[in-house]
Amino acid sequence: MDKRVDISVVVPLYNEEESLPELVAWIDSVAKGEALSYEIIMVDDGSTDGSWSVVQRLKKEYPAIRGISFRRNYGKSAALYSGFEMAQGEVVFTMDADLQDSPDEIPAMRRMILDEGYDIVSGWKRKRYDPISKRLPSKFFNFTARLMSGIKLHDFNCGLKAYRRKVVKSIEVYGEMHRYIPILAKHAGFRRIGEKVVEHHERKYGKSKFGLERMVKGYLDLITVTFMSHFGRSPMYLFGTLGTLMFLFGGVTAVWIIVDKIYSQAHGYMWRGVTEQPMFYLALLAVVLGVMLFLAGFLAELINRRSPDRNSYLVDEKIDD
Ligand code: UDP
Ligand code: MG
């Protein structure tokens with residue numbers, strides 16, 4: 281199938297068989313109501329229940345369904361990434377399969393992209409129907425992500441988002457990075473990131489697919505995303521700067537300790553042996569760490585230079601005649 285449609289709805293799903301029929305019917309009625317051509321891309325992330333056969337059955341009734349099924353569970357980010365690869369819509373939506381996100385938001389979000397010129401419109405679950413054990417860490421994460429990325433979003437991890445097509449074709453989502461797609465997009469050069477308050481519902485069927493480990497992974501991924509977007513292309517700027525500072529600090533301190541000792545000795549002042557001063561060992565440590573940071577920077581640059589996408593800059597448009 282190769283035809284452009286008005287909207288794509290990418291739905292990552294992991295053991296959500298009960299929700300799928302309602303979700304598809306709902307999206308279909310919203311799209312029909314607005315006279316939009318659409319496709320629903322069901323990405324089955326290695327479900328062990330009957331989710332994939334439900335998708336196959338639904339396909340008979342709704343030809344607009346497309347789909348892909350992973351052999352095992354790779355995680356929501358991988359599911360979104362594969363969905364993005366398939367998507368052909370002018371505006372691409374992502375939506376959780378569990379009916380917590382409402383397809384009724386689609387028309388307004390689409391208009392924000394097409395008429396108001398946003399590259400991304402992220403949902404904001406202002407009134408959330410989730411347990412407090414989830415809302416509190418989430419507040420903390422959003423605060424940190426805002427601080428580190430400079431993007432003013434209240435709800436980075438909202439499953440419901442709308443993208444201009446070229447955005448989803450330019451970003452690579454892996455690990456648990458789905459939480460930080462706006463940051464990846466900003467790094468890829470898409471600056472117009474908007475937000476819309478969206479309806480949120482309680483989970484109707486099944487249970488949440490994420491446990492407490494989401495906090496650890498989310499935190500580590502935030503560090504990776506931040507590092508990559510500042511220094512991914514030139515790691516030496518970070519490691520080289522730190523290494524040089526360390527090395528200089530250690531070197532200067534060591535020389536000063538030695539000169540001070542020789543000078544005091546020669547003039548008959550009180551003096552201490554070089555190795556009797558704690559500061560000397562700290563200086564030594566700083567020199568060694570400085571060299572190691574430098575080496576890390578060099579290695580990172582070497583690896584960068586050899587990786588195949590080294591010269592893949594994101595080209596927006598081209599005049600070539
Ligand atoms: N999901 C997925 N792969 C996973 C975990 C979750 O595709 O490994 C899907 C899940 O089926 C749902 C969406 O990601 O459609 C959000 O998951 P969930 O509702 O469990 O997250 P929560 O609402 O608790 O943040
Ligand atoms: Mg959910």
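In the working numbering, the protein residues as written are 281 to 601. For every residue, glycine included, the Cβ atom is placed at its ideal position computed from N, Cα and C. Since the model is a prediction, treat every value here as computed from it, not as a measurement.
With hydrogens ignored, establish whether the beta-carbon of residue 435 is closer than 6 Å to any heavy atom of ligand 2. Start at 1 with the first residue of the sequence shown, and residue 435 comes out as number 155. No - ligand 2 has no heavy atom lying nearer than 6 Å to the Cβ of residue 435.
In this structure, does DSSP put residue 293 in helix, strand or coil? Looking up residue 293 in the sequence shown gives position 13. In this structure, residue 293 counts as strand in the three-state DSSP scheme.
Using DSSP with H/G/I as helix, E/B as strand and the rest coil, what is residue 376? Indexing the sequence shown from 1 puts residue 376 at position 96. Residue 376: coil per DSSP, three-state reduction.
Assuming residue 384 and residue 310 are in contact, meaning their beta carbons sit under 8 Å apart, how far apart are those beta carbons, in whole angstroms? Position 104 of the sequence shown holds residue 384. Position 30 of the sequence shown holds residue 310. Rounded, the Cβ-Cβ distance is 6 Å, consistent with contact.
So is residue 639 buried or exposed if we call it buried at 16+ other beta carbons inside 10 Å? Past the edges of the chain, shown from 281 to 601, lies residue 639, and the structure says nothing about it.
Determine whether the beta carbon atoms of residue 574 and residue 523 lie at a separation below 7 Å. Taking the first residue of the sequence shown as 1, we reach residue 574 at position 294. Taking the first residue of the sequence shown as 1, we reach residue 523 at position 243. Contact: yes.
Considering Cα atoms alone, identify which of 307, 423, 299 and 290 is closest to residue 488. One-based indexing of the sequence shown puts residue 488 at position 208. Cα-wise, what sits closest to residue 488 is 299.
Could you name the residues whose beta carbon sits closer than 6 Å to any heavy atom belonging to ligand 1, keeping them in chain order? 292, 293, 294, 296, 325, 353, 355, 356, 359, 376, 377, 378, 380, 439, 488, 489 and 490
Residue 378 versus 544, 486 and 531, residue with shortest Cα-Cα distance: Counted from its first residue, the sequence shown places residue 378 at position 98. Comparing Cα-Cα distances from residue 378 to each of 544, 486 and 531, the minimum goes to 486.
Just tell me which of 360, 293 and 553 has its CA closest to the CA of residue 329. To locate residue 329, count along the sequence shown from 1; it is residue 49. Considering only alpha carbons, the answer is 293.
Go ahead and pull the three-state DSSP assignment for residue 366. Looking up residue 366 in the sequence shown gives position 86. Here residue 366 sits in helix by DSSP.
May I have the straight-line CA-CA distance separating residue 550 from residue 576, to the nearest angstrom? The residue labelled residue 550 in the question sits at position 270 within the sequence shown. The residue labelled residue 576 in the question sits at position 296 within the sequence shown. So the alpha carbons of these two residues sit roughly 42 Å apart.
Which value, in whole angstroms, describes the spacing of the CA atoms of residue 413 and residue 361? Here the question's residue 413 lines up with position 133 in the sequence shown. Here the question's residue 361 lines up with position 81 in the sequence shown. The alpha-carbon atoms of residue 413 and residue 361 are separated by roughly 28 Å.
Counting along the chain, where does the alpha helix (DSSP H) carrying residue 347 start and finish? Locating residue 347 in the sequence shown gives position 67, where the first residue counts as 1. Taken as a continuous stretch (DSSP letters only), residue 347 belongs to no alpha helix (DSSP H), being part of the beta strand (DSSP E) at 345-349.
Output the boundary residues of the alpha helix (DSSP H) element that contains residue 318. For the purposes of this step, residue 318 is taken as residue 38 along the sequence shown, with counting starting at 1. Not the alpha helix (DSSP H): residue 318 falls in the beta strand (DSSP E), residues 318-324.
CB of residue 498 within 7 Å of CB of residue 459, strictly: Here residue 498 corresponds to residue number 218 of the sequence shown, with the count starting at 1. Here residue 459 corresponds to residue number 179 of the sequence shown, with the count starting at 1. Cβ atoms of residue 498 and residue 459: closer than 7 Å.
Reduced DSSP category for residue 306 - H, G, I as helix; E, B as strand; rest coil: Here the question's residue 306 lines up with position 26 in the sequence shown. Residue 306 falls in the helix class under three-state DSSP.
Relative to the alpha-carbon of residue 484, which residue among 302, 467, 559 and 363 has its alpha-carbon at the smallest distance? Along the sequence shown, read from residue 1 onward, the residue named residue 484 stands at position 204. Nearest C-alpha to residue 484: 302.
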